[in-house]
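*Asks:* So that we are looking at the same thing, I have put the structure below in structure tokens.
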Amino acid sequence: MPDWLGLAAAAFCCLLAHHFSGAVCGSLLPQGPRASVERPDDVHELVRLMWRNRAGKSASEVWMARMVAAGCMASDHLWQDLGLWSRKDLTALMRRNFPGLATRNVRDMKWKRFLYKQLCEAEGIYICRAPSCEVCTYYPVCFGPED
Ligand code: SF4
């Protein structure tokens with residue numbers, strides 16, 4: 038994950054205060070210049086997708102959207118990039134924060150692939166070549182276990 042979990046410093050401190058009352062933000066902030074965000078256009082689109090589908094119950098959803106989008110820029114499974122224990126934990130996070138998306142991922146598609154597929158379909162881009170997932174040779178890539 039990038040510095041401050043992909044959040045601005047002020048947002049990172051708000052996140053800490055929200056979830057870990059009593060945590061002292063200053064001592065956790067990295068020193069020195071901050072690395073630039075990778076693929077900022079992708080991050081922006083992913084954040085917008087999650088905001089459109091957020092639960093609307095907590096300010097934390099806004100920070101979670103940025104963190105999940107930052108994790109999508111890394112190269113492992115999304116739950117690993119976010120430092121979670123399993124895809125199940127990530128699914129729980131998505132259900133809690135972005136239920137509009139979670140309810141659409143009915144077949145437990147890998148989350149990175151699912152999020153990018155949503156962006157493609159919103160733009161009218163259909164990258165799947167098979168008529169259905171059941172007959173697609175990429176099935177294990179989209180739906181397989183992530184151990
Ligand atoms: S399994 Fe094949 S058809 Fe289904 S989402 Fe993946 S690439 Fe598309």
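The sequence shown lines up with residues 38 to 184 when you count with our numbering.
Ideal Cβ positions, reconstructed from N, Cα and C, are used throughout, including at glycine.
On a predicted model such as this, the values are computed, not experimentally measured, just so you know.
1. By how many angstroms is the C-alpha of Cys-109 removed from the C-alpha of Trp-100?
2. For Cys-157, verify whether its CB is less than 7 Å away from any heavy atom of the ligand SF4.
3. In three-state terms, what does DSSP make of Leu-66?
4. Less than 7 Å separating the Cβ of Tyr-176 from some heavy atom of the ligand MN?
5. With 16 other CB atoms within 10 Å as the buried threshold, where does Ala-139 fall?
6. Taking 8 Å as the threshold, find out whether the stretch 85-93 comes into contact with the stretch 151-159 through three or more Cβ pairs.
*Replies:* Here's the rundown:
1. Mapped onto the sequence shown, residue 100 falls at position 63. Mapped onto the sequence shown, residue 109 falls at position 72. The alpha-carbon atoms of Trp-100 and Cys-109 are separated by roughly 14 Å.
2. Taking the first residue of the sequence shown as 1, we reach residue 157 at position 120. Cys-157 Cβ: outside cutoff for every heavy atom of the ligand SF4.
3. To locate residue 66, count along the sequence shown from 1; it is residue 29. Leu-66 falls in the coil class under three-state DSSP.
4. With respect to the ligand MN, the structure offers nothing, as its ligand set consists of the ligand SF4.
5. Position 102 of the sequence shown, counted from the first residue, corresponds to residue 139. Buried: at least 16 other Cβ atoms inside 10 Å.
6. yes
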